[in-house]
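>
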Amino acid sequence: MGIEIERKFLVKDDSFKKDASEKHLYQQGYIEGPFMATVRVRIIEDTGYITIKSKSVNFTRYEYEYEIPLTDAQEMLTNLCGNKMEKYRHIVWFEGKRWEVDEFIGENKGLFVAELELKSEEEAFALPNWLGEEVTHDFRYRNSFISQNPFNTWE
Numbered sequence: 001m002g003i004e005i006e007r008k009f010l011v012k013d014d015s016f017k018k019d020a021s022e023k024h025l026y027q028q029g030y031i032e033g034p035f036m037a038t039v040r041v042r043i044i045e046d047t048g049y050i051t052i053k054s055k056s057v058n059f060t061r062y063e064y065e066y067e068i069p070l071t072d073a074q075e076m077l078t079n080l081c082g083n084k085m086e087k088y089r090h091i092v093w094f095e096g097k098r099w100e101v102d103e104f105i106g107e108n109k110g111l112f113v114a115e116l117e118l119k120s121e122e123e124a125f126a127l128p129n130w131l132g133e134e135v136t137h138d139f140r141y142r143n144s145f146i147s148q149n150p151f152n153t154w155e
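Mind the numbering: the sequence shown is residues 1 to 155 in UniProt numbering, read in order.
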């Protein structure tokens with residue numbers, strides 16, 4: 001069983017970029033339906049993935065992710081996903097923790113969100129100085145919401 005324990009924060013500035021060890025382009029979309037979970041199709045560079053995530057309880061949710069053929073992911077994004085988005089994901093190591101900082105592009109340009117996956121909800125971690133407000137429980141910062149409600153349309 002896959003479990004994701006994740007915390008999300010807004011990013012105050014782009015000073016994290018000087019410490020980023022990797023940067024990858026993500027293209028992703030969501031398959032809509034009356035599911036009790038979110039179904040995401042994603043392409044990272046030249047690899048396709050399909051992911052199923054349950055609703056969160058506190059900081060935890062079930063997550064199942066599988067690599068799929070690139071052509072299948074491309075076809076799913078084109079034919080099954082009405083809401084799509086793109087972002088760059090920067091990997092930044094800070095005090096032994098791997099932070100994923102998403103720099104959204106297109107209609108979501110200007111939005112930066114940092115994520116940290118943990119082993120337990122009680123796991124301690126240090127906060128980099130480029131972090132802002134925690135938004136873990138704010139549904140507006142979920143990628144599935146952002147894909148339907150672009151950041152640049154928010155009031």
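C-beta atoms are modelled at their ideal positions from N, C-alpha and C, and glycine is treated no differently.
According to DSSP, what are the bridge partners of residue 76?
Note: residue 76 sits in no beta bridge, so no partner.
> May I ask you to report which of helix, strand or coil DSSP gives residue 94?
In the structure shown, residue 94 sits in a strand (DSSP, three-state: E or B).
> Give the DSSP-derived three-state secondary structure of residue 106 in the structure shown.
It is helical.
> DSSP three-state call for residue 129: helix, strand or coil?
In this structure, residue 129 counts as coil in the three-state DSSP scheme.
> Looking only at its chain, what residues have a beta carbon closer than 8 Å to the beta carbon of residue 107, apart from the 5 residues adjacent to it on each side?
The answer, listed in chain order, is 85, 150, 151, 152, 153.
> Are residue 105 and residue 87 touching if we call contact CB-CB under 8 Å?
It is a contact, given that the beta carbons lie within the stated cut-off.
> Assuming contact is defined by CB atoms lying nearer than 8 Å, are residue 12 and residue 113 in contact in what I supplied?
Not in contact: residue 12 and residue 113 (Cβ atoms no closer than 8 Å).
> Quick check: residue 2 and residue 49, are their CB atoms within less than 8 Å of each other?
Their beta carbons are not under 8 Å apart, which means residue 2 does not touch residue 49 by this criterion.
> Just to confirm before moving on: does the CB-CB distance between residue 133 and residue 59 stay below 8 Å?
Against a cut-off of 8 Å, the Cβ pair of residue 59 and residue 133 comes out as no contact.
> Would you decide whether residue 138 is buried or exposed? Buried here means 16 or more other CB atoms lie within 10 Å of its CB.
By the 10 Å Cβ count, residue 138 comes out exposed.
> Output needed for residue 73: all residues of its chain with C-beta closer than 6 Å, excluding positions within five of it in sequence on either side, in chain order.
Contacts found: 41, 43, 48.
> Enumerated in chain order, which unbroken segments of the beta strand (DSSP E) with a length of 3 residues or greater are wholly contained in the segment 2-89?
Correct list: 3-11, 20-31, 37-44, 47-54, 60-68.
> Rounded to a whole number of angstroms, what is the C-alpha to C-alpha distance between residue 51 and residue 66?
C-alpha separation (whole angstroms): 6 Å.
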